[in-house]
Amino acid sequence: MIKSNSSTSSSKGDITKYLVWTILTAACLLLTLDLVWTRLVVYREEWFGSSIVRRAFENNDPNEIPIFGSSMAQRSYIPEILGEHFYNYGRAGSNYQKIYPLVEKEFQKRRTSPIIIDFYSNFLNFQEDYTIRSRDFLPIANEPLAEELLKDFDMYSPAFKIPGIRYFGFFPDYWSDMKKMIPEQERNYFNQGGAFYLPETPKEEFDEYVEKRLKLFHPFAIDPKLEKRFIQTIASRPDRQVILVMSPSHKSAYGTEIQFEEMVNYLNQLAEQFSHVHVIAFDGRDYPDDHFKDTLHPNYKGAKKFSQALKEALERQGLLQE
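The numbering of the sequence shown is the working numbering, which starts it at 2 and goes up by one.
What follows is the structure, encoded as structure tokens:
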């Protein structure tokens, strides 16, 4: 009987050791997979959405001048033309409702460099049907602002904070994103977060864009809650120059998508309210058709012209730090 008990205890001990070894091995494999996937896929290129989000949270270069906005910002501001320290954090399909974590994190940083925000018609307009790419924020889900955004869109999971299992269910999405980006490398020039379309849009295709644009009308609308949050954010750092810029769009967008005068008046009111807020509005109605990818976004030629003009405007107003 004694030998039997000893044998049973030994067997249980072996099973326990095996289970512990198996769990530790599985954990190591999962963590290794997490590390490899993060480096080789999630953050593969600096212009990937997840890379831009991470940089917005982690970069603390005291001289950096960040640019925030939608795809209109992403395709309009060429950092290498604007100056050495500019970085383009524009994100497709975004307004303040979707990028407030990036902007508000910037205002929390200790640096005192200027902040550029590309302001367009829907920037402060709440959109019920908006969604976010949760996978772009997943790697930094431990950041309170990122967690808040994911919860806003009912996309948060506690598993996002656990390396090794956080990517489960998202591997196909990341892989698909990476494959879609390959042809983009041939059509775009990438610079410091920005993506600038190189080909000239065929006239027939562009005319179709214009025809569709002229049939639409979007009033300039502001959501009170978004506006309050935005104003509280820009008011929180009077030591930083906040530059609200209206970048140019095709002439067909004015009066349809862009209510230019109304938007400029609104921005000027903010500038009157806060001495550290400045407004630079560009009217794109004098830009030729061949400067645009479509009716809202410039191509590289248009972005180059705009970026040079913005640089000169910033210098004239003394808003660039030496």
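We put the beta carbon where it would ideally sit given N, CA and C, even for glycine. The structure presented is a predicted model; accordingly, all values stated were derived computationally and were not measured.
Mind reading off the beta-carbon distance from residue i to residue j? Whole number of angstroms is fine, and I expect it under 8 Å.
i	j	result
residue 215	residue 258	Not confirmed; about 10 Å, so no contact.
residue 138	residue 227	No, residue 138 and residue 227 are not in contact; Cβ-Cβ is about 19 Å, not under 8 Å.
residue 125	residue 223	5 Å
residue 102	residue 150	5 Å
residue 289	residue 195	21 Å between Cβ atoms; not a contact.
residue 266	residue 201	About 35 Å separates the two Cβ atoms, so there is no contact after all.
residue 148	residue 157	6 Å
residue 165	residue 32	5 Å
Can you give me the start and stop residues for the beta strand (DSSP E) that residue i sits inside?
i	result
residue 119	116 to 119
residue 50	No beta strand (DSSP E) holds residue 50; the alpha helix (DSSP H) holding it covers 50 to 59.
residue 192	189 to 192
For the alpha helix (DSSP H) holding residue i, just list the boundary residues, first then last.
i	result
residue 89	Counting along the chain, residue 89 falls outside any alpha helix (DSSP H), though it belongs to the beta strand (DSSP E) covering 87 to 89.
residue 301	301 to 317
residue 222	Careful: residue 222 lies outside any alpha helix (DSSP H) and carries neither H nor E.
residue 267	261 to 274
residue 210	204 to 215
residue 287	Unbroken run through residue 287: none, as it is neither H nor E.
residue 73	72 to 75
residue 149	145 to 153
Could you pull the DSSP bridge partners for residue i from this structure?
i	result
residue 66	87
residue 166	Paired residue(s): none; residue 166 is not in a bridge.
residue 279	244
residue 94	Paired residues: none, contrary to the question.
residue 195	192
residue 351	With the chain running from 2 to 323 in the structure shown, residue 351 is simply not present.
residue 293	299
- request: Mind the definition here: the segment 94 to 102 touches the segment 66 to 74 only if three or more C-beta pairs lie below 8 Å; say whether that holds.
  value: yes
message: Could you check whether the segment 234 to 254 touches the segment 112 to 132, counting it as contact only if at least three pairs of C-beta atoms, one from each stretch, sit closer than 8 Å?
response: yes
field: Contact between the segment 175 to 189 and the segment 35 to 48 (3+ Cβ pairs under 8 Å)
entry: yes
field: At least three beta-carbon pairs within less than 8 Å, the segment 78 to 92 to the segment 56 to 65
entry: yes
- prompt: Between the segment 269 to 288 and the segment 308 to 318, do three or more beta carbon pairs fall short of 8 Å?
  reply: yes
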